[in-house]
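From first to last, the protein sequence lines are chains A and H. The first sequence begins at 9 in my numbering and counts up one residue at a time. The second sequence begins at 6 in my numbering and counts up one residue at a time. Note that the Cβ used here is the ideal one computed from N, Cα and C, for glycine as well. Nothing here was measured: the structure is a model prediction, and the numbers come from that model. Some notes on the structure that comes next.
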Amino acid sequence: MSNTPKYLKETPSQTAGPYVHIGLAPGAAGFEIYREELGRDIAGPNAEGARIRVEGIVLDGTGAPVKDVLIEAWQANSKGVYAHEESAGEVEEGFRGWGRVISDFETGEWGFDTVKPGPTPGRNGTTQAPHITLWIVARGINLGLNTRLYFEDEDNGSDPVLNTIEWEHRRQTLIARREGGSYRFDIRLQGENETVFFDI
Amino acid sequence: MTPAEFYQRDRRWHPPALARDYKTSLTRSPQYAAISLENTVSEITGPRFGHGDIDPLDNDLLSNFAQPGESPIGERIIVHGRVLDENARPVPNTLVEIWQANASGRYRHKKDTYLGAIDPNFGGCGRTLTDAEGYYYFRTVKPGAYPWRNWVNDWRPAHIHLSLFGSAFAQRLITQLYFEGDPLIATCPIVNTIPDAQAIDRLTAKLDMNATIPLDTIAYRFDIVLRGRRSTLFENRLEGN
């Protein structure tokens, strides 16, 4: 009998590959199979708050669009409450806070409609500026990439997570820009103006 | 239970972002280090799914795309196992999604141009929720090997892709299942993005004769482990949640 602590090791990640759509967005792969695909409606019709659209493109290290990317979004409602038992408060009926989008096969553009999230509690009594958590998978990405989208028209100066980024100019890569009626959020996987990714 | 952090991901166990032999990773891997982020409510929460979201037969790839009375061609298999966390506790009621090629290695995807034939009775995707003990199962056909443009003569081993949620966005995981004994596993640049042979073995489903249905379907066992979570013995630094 050994006193060595017994823990299991996490199952290792592998790339989602180029045909991720078959499993997670079969309509885009070219066939209908499920009664309803998951992740198409983040906020639901009853959600309060400002309706917004978020759009962007993911670029690789050569500056070319990544046309086979899948992005999942996770966010709080307009009051800063997540649809989860460990978030204090209630969400509107049908508010899921989670969505799944894919890039266009020709252009690489992606976008989703939602409501603007409210501020959420941070650690140790701080408050986090409104943000949407993003998880990015694709061919060539061996372990899903975590990042956050913030809004340029919010007060981000005291956000505890942005302030952990030592290089102030890199914080700008996480700020979505107002562009017409929507927010623009381009993600650069590698190279100049590389988006900040988190080890969460 | 008071919310607490998930155990740090062991990034020497997972594949690194840049793995030169898997060519596409060269231009899709960040150059800068990831910023370490202590968990907040945004990471310890995640989407929940229920039986209203999916249909009971969504886990049966032998029938979920087949014409009535028809069945896909290929080796009929059951893939089953448990979803646990690093503390060996079951992860109940969590969504498991899979996708795969058919028996000839052809994906039902408009971007797949391989000359292996499409099977009119096989779609190639399934989904299910784990039960209270973390148990899940699928019925499907064993996928075929598949050529891909990496090196000139690269072939993926037979594999099934899996997507897992757990209860928190911090646990989100996509991986691939391989089959015990497949000689292509050792040659594959995607498999070998994983540095540790023990970690690779963890992605290999094992033949499970005890779960095999005689004269009907062969079974493979595949257990999955998601990140575990700290207990809050002395303090809670996630105040404000």
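Nearest CA to the CA of residue i: which residue from the options?
i                 : options                                       : result
glutamate 162(A)  : Ala137(A), Gly71(A) and Gln22(A)              : Ala137(A)
glutamine 36(H)   : Ile50(A), Ile149(A) and Tyr90(A)              : Ile149(A)
alanine 84(A)     : Asp68(A), His92(A) and Val77(A)               : His92(A)
tyrosine 90(A)    : His139(A), Gly188(A) and Ile65(A)             : His139(A)
arginine 87(H)    : Thr222(H), Arg234(H), Ala24(H) and Ala210(H)  : Ala210(H)
histidine 166(H)  : Ala202(H), Arg154(H), Ala173(H) and Ile179(H) : Ile179(H)
glycine 55(H)     : Leu231(H), Phe170(H) and Asn69(H)             : Phe170(H)
tyrosine 27(A)    : Arg25(H), Ile40(H), Gly110(H) and Lys28(H)    : Gly110(H)
valine 62(A)      : Trp118(A), Asn154(A), Leu151(A) and Pro129(A) : Trp118(A)
tyrosine 140(H)   : Phe174(H), Arg226(H) and His164(H)            : Arg226(H)
tyrosine 151(H)   : Val84(H), Asn107(H) and Ala24(H)              : Asn107(H)
tryptophan 104(H) : Gly31(A), Leu46(A) and Tyr191(A)              : Gly31(A)
valine 96(H)      : Ser30(H), Thr45(H), Ser34(H) and Arg53(H)     : Arg53(H)
glycine 51(H)     : Ala55(A), Gly47(A) and Asn54(A)               : Gly47(A)
serine 41(H)      : Lys115(H), Asp15(H), Asp206(H) and Leu23(H)   : Asp15(H)
alanine 71(H)     : Ile59(H), Asp124(H) and Arg33(H)              : Asp124(H)
serine 166(A)     : Ser95(A), Asn201(A), Thr134(A) and Asp68(A)   : Thr134(A)
proline 21(H)     : Ile183(A), Ala58(A), Leu67(A) and Leu151(A)   : Leu151(A)
aspartate 194(A)  : Phe103(A), Glu176(A) and Val77(A)             : Val77(A)
arginine 25(H)    : Thr135(H), Arg132(H) and Cys193(H)            : Cys193(H)
alanine 137(H)    : Leu31(H), Asn98(H) and Thr222(H)              : Asn98(H)
proline 73(A)     : Arg196(A), Phe103(A) and Glu56(A)             : Arg196(A)
Which bits of chain A does residue i rub up against, with CB to CB less than 9 Å?
i                    : result
phenylalanine 174(H) : Glu80, Trp82, Trp106, Thr141, Trp143, Asn154 and Ile208
phenylalanine 127(H) : Residues of chain A passing the Cβ test: none, with the nearest at roughly 11 Å.
At 7 Å on the CB atoms, spell out the chain A contacts of residue i, in chain order.
i                : result
histidine 114(H) : Tyr27, His29, Ile30, Ala37 and Gly38
aspartate 117(H) : Tyr27
histidine 19(H)  : Pro20, Ser21 and Leu151
leucine 178(H)   : Thr19 and Ser21
Could you spell out the range, first to last residue, of the alpha helix (DSSP H) harbouring residue i?
i                : result
leucine 32(A)    : 28–32
valine 46(H)     : 46–49
glutamate 176(A) : 176–179
glutamine 203(H) : 202–206
Residues of chain H with CB under 7 Å from residue i, in chain order?
i               : result
tyrosine 191(A) : Those do not exist, as tyrosine 191(A) stays about 18 Å from chain H at its closest Cβ, beyond 7 Å.
serine 68(A)    : The question names serine, yet the displayed sequence has aspartate at residue 68(A). Within 7 Å Cβ-Cβ: Thr32 and Arg33.
valine 204(A)   : Ile40
Residue range of the beta strand (DSSP E) that residue i falls in?
i                 : result
arginine 226(H)   : 223–226
threonine 133(H)  : 130–134
asparagine 154(A) : 153–159
valine 123(A)     : 117–123
glutamate 187(A)  : 183–187
threonine 145(H)  : 140–146
serine 190(A)     : 190–192
histidine 139(A)  : 139–145
tryptophan 18(H)  : First-last for tryptophan 18(H): undefined, no H or E at that position.
So residue i contacts chain A; which residues on that side make the cut at Cβ distance below 8 Å?
i                : result
histidine 248(H) : Shown here, chain H extends from 6 to 246; a query on residue 248(H) therefore has no answer.
aspartate 60(H)  : Tyr42 and Arg43
leucine 89(H)    : Leu16
asparagine 92(H) : Tyr15 and Leu16
List, in order along the chain, the chain H residues whose C-beta lies closer than 8 Å to that of residue i?
i               : result
leucine 197(A)  : Thr32, Arg33, Ser34 and Pro35
glycine 51(A)   : Reading the sequence as shown, one finds alanine at residue 51(A) and not glycine. Under the 8 Å cutoff, chain H gives no residues; its nearest Cβ is about 13 Å from alanine 51(A).
arginine 147(A) : Thr29 and Arg33
valine 169(A)   : Leu42 and Thr45
tyrosine 90(A)  : Val46, Ser47 and Thr50
Can you pull the chain H residues whose beta carbon is under 9 Å from the beta carbon of residue i, in chain order?
i                    : result
threonine 172(A)     : Ile40, Ser41, Leu42 and Glu43
phenylalanine 103(A) : Going along chain H, no residue has its Cβ under 9 Å from phenylalanine 103(A), so there is no contact; the nearest lies around 11 Å.
proline 73(A)        : Here the premise fails: no neighbours, minimum Cβ distance about 12 Å.
leucine 46(A)        : Pro52, Phe54, Asp58, Ile59, Leu100, Glu102 and Arg132
Can a CB atom of chain B be found closer than 8 Å to the CB of residue i?
i             : result
alanine 55(A) : Going by chain labels, chain B is absent from the structure shown, which instead holds the protein chains A and H.
Beta strand (DSSP E) runs contained entirely in the stretch 38–101 of chain A, provided each spans 3 or more residues
59–67 and 78–82
At a Cβ cut of 7 Å, what residues of the stretch 213–237 of chain H count as close to chain A, listed as they run along the chain? Ile229, Val230, Leu231, Arg232 and Gly233
What are the residues of the stretch 176–190 of chain A that lie near chain H, defined by any Cβ-Cβ distance shorter than 7 Å?
none
Listed from N- to C-terminal order along the chain, which residues in the stretch 186–209 of chain H have their beta-carbon within a distance smaller than 7 Å of any beta-carbon of chain A? Ile195, Thr198, Ile199, Ala204, Arg207 and Leu208
(message) At a CB distance below 7 Å, what residues from the stretch 149–160 of chain H approach chain A? Give them in sequence order.
(response) none
Along the stretch 67–85 of chain H, where does the CB come closer than 8 Å to a CB of chain A? Name the residues. Taking 8 Å as the Cβ-Cβ cut-off, the stretch 67–85 of chain H approaches chain A at Asn69 and Phe70, given in chain order.
As an exercise, report each continuous alpha helix (DSSP H) stretch of at least 4 residues that is fully enclosed by the stretch 27–113 of chain H, in chain order. 46–49
Q) Residues in the stretch 122–139 of chain A with C-beta within 9 Å of chain H's C-beta atoms, listed in sequence order? A) For the stretch 122–139 of chain A, the set of residues with a beta-carbon nearer than 9 Å to any beta-carbon of chain H comprises Thr128, Pro129, Gly130, Arg131, Asn132, Gly133, Thr134, Thr135, Gln136 and His139, in chain order.
Run through the stretch 160–222 of chain H for me and flag every whole beta strand (DSSP E) of 3 or more residues, listed as ranges in chain order. 164–169, 178–184 and 209–212
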